[in-house]
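Quick note: the sequence shown uses the working numbering, first residue -14, plus one each step. Each residue gets a CB set at the ideal place from its N, CA and C atoms; glycine is no exception. Computed from a predicted structure; not experimentally measured. Down below is the structure, laid out as structure tokens.
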Amino acid sequence: MSVTILFVTVLFFTHFIYVSSLLCYVCSFTYGEDSGSDRDARCANKSLLMLNLDDAVRKCASWEKSCMTSLSVMHHSIASVKRGCGDGCSKKCKHTGYGTNQVECDDCCKEDLCNANFSLSYYEEVMKRQSGSWVTPLSGEQKWNRKNKFKFPY
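Pasting the structure below:
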């Protein structure tokens, strides 16, 4: 009887540990950085899905409850793409880089290998969450800028 209880206990904890470990794509790529190879360019395009999973996937720690994709955009162009495990995700984008118009936006999901989206429409959708405009002005922004004699190239 005690062997059966031990077996069931071990089986339960093994199953619990297995299902609670999220798998996420992990990589980073910065445009314009010369790394000597195109290995990390896979992070931004469909070649991510063609790699051996051992090279591109990591089991997340117990406190990392989501897979993340972080995009950095500078002057309306994608500057970097980072994928990995995360413990939280901001719904709002962050403006960084004083004077460089750099914006960072995160997207999170909670299923194995869910952070593999690389389409341009996906990137555009993520970037729409920023509080300033990326490609088009926000509602009322253009009118306010004209009234206050601010000129922007949109």
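Contact set for Asn86: own chain, Cβ-Cβ below 7 Å, skip 5 residues either direction: Sequence index remark: in the sequence shown, residue 86 carries index 101 (1-based). Excluding positions up to five away in sequence, the list reads Met59 and His60.
Please return the same chain residues whose Cβ sits closer than 7 Å to the Cβ of Ser75, not counting the five positions on each side in sequence. Numbered from its first residue, the sequence shown carries residue 75 at position 90. The residues are Asp91.
Output yes or no for whether 8 Å exceeds the beta carbon distance between Arg68 and Thr81. Within the sequence shown, numbered from 1, the residue matching residue 68 stands at position 83. Within the sequence shown, numbered from 1, the residue matching residue 81 stands at position 96. Contact: no.
Note down the Cα distance separating Cys52 from Ser32, rounded to an integer number of angstroms. Taking the sequence shown and counting its residues from 1, one reaches residue 52 at position 67. Taking the sequence shown and counting its residues from 1, one reaches residue 32 at position 47. If you take the alpha carbons of Cys52 and Ser32, they lie about 19 Å apart.
Glu126 to Lys95, Cα distance in whole Å? Counted from its first residue, the sequence shown places residue 126 at position 141. Counted from its first residue, the sequence shown places residue 95 at position 110. Taking the straight line from one Cα to the other gives about 35 Å.
Please go through the same chain and pick out, in chain order, the residues whose beta-carbon is closer than 6 Å to the beta-carbon of Ser124, but skip the five residues on each side of it. Taking the first residue of the sequence shown as 1, we reach residue 124 at position 139. Shown here for Ser124: not one same chain residue has a beta carbon closer than 6 Å to its own, the five before and five after excluded.
With distances taken Cα to Cα, identify the nearest neighbour of Phe14 among Arg43, Asp97, Lys50 and Ile63. As a working note, residue 14 is residue 29 in the sequence shown. For the residues Arg43, Asp97, Lys50 and Ile63, the minimum Cα distance to Phe14 belongs to Ile63.
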